[in-house]
Structure formats: structure tokens, C-alpha cells
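First up is the structure itself, then whatever we jot down about it.
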Amino acid sequence: MAKPPLRTISDFKTAEIEVLETIRAVPNGERLFLADPFRFLREHGFTVDATFVDRLTKLQPKLASPNTDLYDRIQRGDFKPLGTLHIVSLGLTGVQDPTS
Amino acid sequence: MTSPLTGDFDLCVELTDSTIAAFVNAHFEGEEISQPLDQLVGDGIAGRLVLELSGATAEIGNTHVSITLQFADSGLDLTLPRSMHIGPLGGTAMFVAPVTMSTDPDGLREVRINLGTPNLQVSVHVDQPGLGQLQSQLAAEGVVDPVAVVADALRSAIAAEPFNLLPLFSRSPADSHADGSLQPLMLIEGDLKLVPAAGGRPGAVCLLGTLLRSHAGQGAVAHKALVGTDAQHQGSFILSADGFHDLLHCPALGHRFSVPISQLCKDCGRADSVRSGDLTITRLVFAMQEQRIHLSGTATTGGTSWSADITFAINETFTVQPPGSVQARVALDGQPSVSVSLDWWVSLLSAFTLGAVDLEFIEPAIEKLVDTIVAGAISNEISNGLQQAFSGLNVTLGPGSMQPSAVAVHPAGLVVQGTLALPAPQPLPAVLELLSSVVAESDIRVGSGTQAGLTCVKTADGKPKSYPYTDYSVRRTVSVVAQGHRLGLPATYRWDIQGASVTAHQSTTFAIIMPLATTSDDARVSELSTSTPSSARMGLP
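Protein chains in written order, with our numbering: chain B, 1 to 100; chain G, 1 to 541.
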């Protein structure tokens, strides 16, 4: 089944469970998601609208500079994790879409 | 779990057979036993057994310690029916002595080797040629079993001055409801077990003890079957796994977290968790394994919108370094497993750098764990506890107390082996003793007269009185017996008085008739001297 497109924060909130399940299903998914969230979503079947990326980046400027090098190393297995990581929620409940 | 090292008691203190032997040897070696031959009195025979003890050994059995005394240059000196010396005799005497533990009314427990018991079993072996000499000379006097005579005299001698105390002391707490302690060593229950040498391990006398009321009744003497001390050490202090856990491990944790033991998490206390700063320890399970104590635990830590569950394992190992000092070392066993849960968006809002979750969350969680449990505080507590426990034994023999020298961990208990500077043999020097006695005394008239004009007593008419008198010389016959001790070789004797030879008589006994003035009784036997040939003079001072 096709994964829902992510155009708004509201879409993202709606897709939260599916996103979390995808993260858990991928080896080192948590670390890949934290290193470059939008690349991870695109590589795993989500359609991420560019406008939506801009909106989130305005809310959190750190998203403008993803850690691409780390992402590549995790993907290659050139990375030794210290422990396990669980992302329990996207934490977007209280986040307001500035355009909405 | 049944412990062959402690017999399910909290602790066991061992002293090996060689240590017991050194202890016994220090008491007996170089000593001289001189004992009347009471058994022969009824046969018209009188004399003494004189044994020069040259060493002692001990062997531990199941219920007793066999103590073997070696003797040499010994003999029987008979005075009746005729003066006779039978010797030199050499050989061994083995005493089978029960070992018991007694408790005084004031709570002091002492372990005793009962050499003073009336029916002490004694076996004497006399080497040739002394045995032949003993048998033939006493047979001539009608004695059928001369070795039994020696054994009987030895039993009497040992019973008269028994050696019986071992340095294994402990006390009971003054308060009958209180727990015992390691320092000073206070036991609520104590027992004794003898384990014979087996499988390359020495035999040992073992003091078993329970310190904690909660462990009362768990000890089973029969379960103590394995000696923890090897042949290179003199004794051991052994703590059972439960004893170590309850007496050292949990108190160390309680001290570290500044809470009573009951407020610690499992498996020491009853609380669900114990906190230290940002870290919450939820479980710490203790297991004594081969070569290490293994602790497996869980902990949690966290902050705003994130939490970490940590599963970890710790190895506790022990060394004696520097010599005499027990050190505990606590280190992580592998990498802890840290499971971090977080809200993605909140983590973005924090100071954390995108993608550096290991550095920002996991490493600090491990560092907290290391600071809390692995850092020095707990190991120092345990090291000090062990050191104090060992010093509480107060096992002293010879020049110093027993010092820890090796430590090993086994599932059945932690063994701290000790060394003791055993007393070096200090043989007594050879001595020639002169024993004198007056054997006859006679008065010889040498003159007489009348002393006139004495005024001290007057006649009835008040004039000085005259008294007749007789002068006597006293002739005293003195027997001087030269009694050699530890001379080594048979001695011959030459007697002289003030350098002038008086006889070529080669005997230990010399009789001299000494005319003494009635008013001068100070002629002494010290005017006599003896000398031994050079072959026998070796070792003389």
C-alpha cells in the first residue's frame, strides 16, 4: 500500500504511527531518521513535499543542515552504535503549523 | 547453594596442618621432658625418662590431630635397683589428640588440641640401636615392655603440662539478639571441622561461623569438605557467597547510596529503586562466579522528553596488592546496553546536534552509570571490609600476624589466603649440668679439752665455771652427677678440682669425700669441674 504524501504538519501528525513503524522496521532507522529525516522518509516510500520541508525548517532551523555524511556511514555500516535507540513519538502534538 | 568451602556457614577460618605443626613445633622443639618412671615403682625400679625433643609434626585427621614428636640423644636414668643410664635413645612419639571447640561463659570460643586428656593415645617408636639397648637392659630388670614404659611416662609428662590452644578465637555478641561482626570477629553460631589432606590440598582445622541472625541454622558442618588453602599458604579466611553479599556487598552499596540496606533495590533491599543523582538503579543482582563476582543490573535516566533504560553487567575482581593489602576492583563487563526513548521534535528543540544521538544521550548515560557504580567508592568499601575482616582473625603465631597474600573467587565462596612468618627453630644449646647431693656425713673426733674461766654462766657460788669440750671434723661425702643435655655424641668424663685431676674415672658420677671444718660449711661443689672430650664438646657454649 502506498504511503501517504506529507504536505502539511497535519499530514505528518496523521502519518505519525506509520512513520514510527517504518523507522523501527529499518536497521538503524532511528539514527538514519535523526541524521537526515526527510531523506530517510523519501528513501522509505514517503512523498515529502518541498513546501512542507520549508515549513518545518522554518520552525526548526537545524533541519536545514542534515548530517549527510553520518547518514551515509550508517547506511554503509561504517558506524558503531553505543546502544539502542527508540523514537517513541514525533513529538509534534504541540507544534503549530505557521501557515495553518 | 551448598558450599563445600564454608559448609553453608557465613565464613570459615582455616589453619593448615603445616601451620599447626609449626605451632606445635614452636612449643616443643628444643624442649626437654624429664619424667619419673612411675609405672615401674612397684617393680622396685626408680628413675627418670629424659627426652630431648628435636622437632614436631602434625597431621590432621577427621576428628583429631596426630602430633608426632621426634626425640634424640635421650635416655633412661635409673637409680634403683642400681644406677644405670640407658641411651642414647632416638625415635618418635605420636599422640592422637582430639580437637574440640569450647565456649566460655563469657562467650569466648577457643579451639583446643586436647593433649591433656587422660586416655591420650600414644605410640612410641624407638630407633635402633637404642631400642635393643632399652629392651635388653630393662629385660634384665624384669621389664617386659620397655617401650610402653616410655609411652606411659610421655603421656604423663604431656598431660602434666599440656599444649592445647590454637590461635582460633572468636566471641559471641554480648547482646543475644544482635548480629555478629567481622571486626572484631563475633559469631552467633560457631562450629569446628577437621578436613584431612586430599587431592594435593593440605589438611586444615576449620572454624565455621555464622554472623547474621537471618542466616542462623543454615550451616551444615558436613558440607564443609574442601580446603581453600593451598600448600603455599598457612591459612585462609573464606566468606560464603551469601556472607559476602550480606556482610560486605550490600553494606558497601548502602554506604555508596547513603541509604539503609533495606532501602536499596533488589537484591539487597526491598525498594523498587535507589537514586543517585539523575540515575535510578532498579535492580542489581549479585552472583559469585569462578574468578569474579558478577553484578547484573538495570537503571534508568532521562530528561525532558527523553529517557534511557540501561542494562549493564559489572565484574568485581580482587587482588592482593601491595602485599598484605586486599584490593577490590569493579569494572564494566562489556558495553552497557542503553535504550534511549525520545520525542523527535523535542530533541530537535534541545541543544543536541542532529544525528549525534550517541554522544548526546547514550554516552552520558553510561558515564553516569560508571560514576555511580563502577567508580572507586564501592570497591574501596569492599576492600576495606575484606581487609578488616582478615585482620579481625587475629591469627598470630611467631613474629607476626597472618597477612593476606592471595585472593580467589569461586561460586562457593571468596578465599583470602594468608601467609605467616613461621617461627624458625631455635634449638637450645648443649648444656652440661652438675647435680650434687650429700650421700653421707660423719663426725670425726679431732681433739678435746676444758675451757676454764667462763663467766657467762657462773657456779652456784658466783664464780666462773669450767666446761669440757670435744672438737669434731665433719666428713661429708658428696656425689656429683654430670647431666648432659643435647650433647649429641656419647660423652666421656674427666674430673678435676681447680685444674688438678682427681681421677681418670670416666663416668657421669663422681664421689668426693670432703673434710669440712665445723664452722666452715662453704666448700662447694663448684670447686669441681668436668670436661668432655672434644668430640662431645661440639655445640657447647
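C-beta atoms are modelled at their ideal positions from N, C-alpha and C, and glycine is treated no differently.
* Asked: What did DSSP end up calling Thr450(G) once you bin it into helix, strand or coil?
  -> Looking at Thr450(G) - three-state DSSP - the assignment turns out to be strand.
* Asked: In three-state terms, what does DSSP make of Tyr493(G)?
  -> Looking at Tyr493(G) - three-state DSSP - the assignment turns out to be coil, as it is neither helix nor strand.
* Asked: Can you give the Cα-Cα distance for Thr532(G) and Val96(G), rounded to whole angstroms?
  -> Here Thr532(G) scores only 43 on pLDDT, less than 50, and its place in the model is too uncertain to base an answer on.
* Spatial neighbours of Gln121(G) in its chain, beta-carbon cut-off 6 Å, leaving aside the 5 residues before and after -> The beta carbon of Gln121(G) lies closer than 6 Å to those of Val96 in the same chain, with the five residues before and after it left out.
* Asked: Which of helix, strand or coil does DSSP assign to Lys62(B)?
  -> In the structure shown, Lys62(B) sits in a helix (DSSP, three-state: H, G or I).
* Asked: Is Leu11(G) closer than 7 Å to Gly47(G) when the C-beta atoms are compared?
  -> Cβ distance not < 7 Å, so Gly47(G) and Leu11(G) don't count as in contact.
* **Beta-carbon proximity check, Leu192(G) vs Met101(G), cutoff 7 Å** => Yes. Within cutoff.
* From Gly484(G), Ser172(G), Leu138(G) and Leu211(G), residue whose alpha carbon lies closest to that of Asp242(G) -> Nearest C-alpha to Asp242(G): Leu211(G).
* Between Val407(G), Asp496(G) and Glu32(G), which lies nearest to Ile158(G) when the distance is taken from Cα to Cα? -> Comparing Cα positions, the closest option is Glu32(G).
* Give me the Cα-Cα distance between Phe52(B) and Leu6(B), rounded to the nearest whole angstrom. => So the two alpha carbons sit approximately 7 Å from each other.
* **Among Ala375(G), Val50(G) and Val227(G), the one whose alpha carbon lies nearest that of Leu239(G)** => In terms of CA proximity to Leu239(G), Val227(G) leads the group Ala375(G), Val50(G) and Val227(G).
* Going by the CB atoms, is the gap between Gln60(B) and Leu284(G) shorter than 7 Å? -> Cβ distance not < 7 Å, so Leu284(G) and Gln60(B) don't count as in contact.
* For Pro196(G) and Tyr543(G), the rounded distance between their alpha carbons -> The structure shown has nothing for residue 543(G), since chain G only spans 1 to 541.
* To do: Classify Ser214(G) as helix, strand or coil using the three-state DSSP reduction.
  => In the three-state reduction of the DSSP assignment, Ser214(G) falls in the helix class, which pools H, G and I.
* To do: Give me the Cα-Cα distance between His86(B) and Gly324(G), rounded to the nearest whole angstrom.
  => Their Cα atoms are separated by approximately 49 Å.
* Return the chain-ordered ranges of every alpha helix (DSSP H) run that is complete within the region 209-296 of chain G and spans a minimum of 4 residues. => Within the region 209-296 of chain G, the complete alpha helix (DSSP H) runs of at least 4 residues are 241-244 and 250-257.
* **Within chain B, partners of Ser305(G) - CB distance below 7 Å** => Neighbours of Ser305(G) across chain B, judged by C-beta separation under 7 Å: Gly91.
* If you drop the 5 nearest sequence neighbours on each side, which residues of the same chain put their C-beta closer than 7 Å to that of Ser307(G)? -> Excluding five sequence positions before and after Ser307(G), the CB atoms of its chain that fall closer than 7 Å to its own CB belong to Thr300 and Ser341, given in chain order.
* Asked: Does Ser341(G) have its Cβ less than 7 Å from a Cβ in chain B?
  -> It does: the Cβ of Ser341(G) has a partner Cβ on chain B nearer than 7 Å.
* Asked: Which residues of chain B have a Cβ atom closer than 8 Å to the Cβ of Gly542(G), listed in chain order?
  -> Because chain G is modelled from 1 through 541, residue 542(G) falls outside the range shown and cannot be assessed.
* Asked: Between which two residues does the alpha helix (DSSP H) harbouring His27(G) extend?
  -> Per DSSP, His27(G) is one residue of the alpha helix (DSSP H) stretching across Asp17 to Phe28.
* To do: Select from Lys3(B), Arg24(B), Leu32(B) and Thr22(B) the residue whose C-alpha is nearest the C-alpha of Phe79(B).
  => Ranked by Cα distance from Phe79(B), the first of Lys3(B), Arg24(B), Leu32(B) and Thr22(B) is Leu32(B).
* Asked: For Glu52(G), is the classification buried or exposed, using 16 other Cβ atoms within 10 angstroms of its Cβ as the cut-off for buried?
  -> The residue in question, Glu52(G), is buried, as its Cβ has 16 or more Cβ neighbours within 10 Å.
* To do: Would you verify that the beta carbon of Val338(G) is, or is not, closer than 7 Å to some beta carbon of chain B?
  => Answer yes: the Cβ-Cβ gap between Val338(G) and chain B drops below 7 Å somewhere.
* To do: Given a cut-off of 7 Å, decide if Ile310(G) and Leu369(G) are closer than it, judged by their beta-carbon atoms.
  => Contact: yes.
* Asked: In angstroms, rounded to a whole number, what distance separates the CA positions of Pro66(B) and Asp246(G)?
  -> Per the coordinates, the alpha-carbon of Pro66(B) lies some 53 Å from the alpha-carbon of Asp246(G).
* Report all residues from its chain with a CB closer than 7 Å to the CB of Thr2(G); omit the five preceding and five following residues, and keep chain order. => For Thr2(G), where only same-chain residues beyond five positions count, the Cβ hits under 7 Å are Asp8 and His223.
* Asked: Comparing alpha-carbon positions, which option in Val407(G), Glu141(G), Val374(G) and Gly418(G) lies nearest Leu393(G)?
  -> Distances from the CA of Leu393(G) to each of Val407(G), Glu141(G), Val374(G) and Gly418(G) were compared; the closest alpha carbon is that of Gly418(G).
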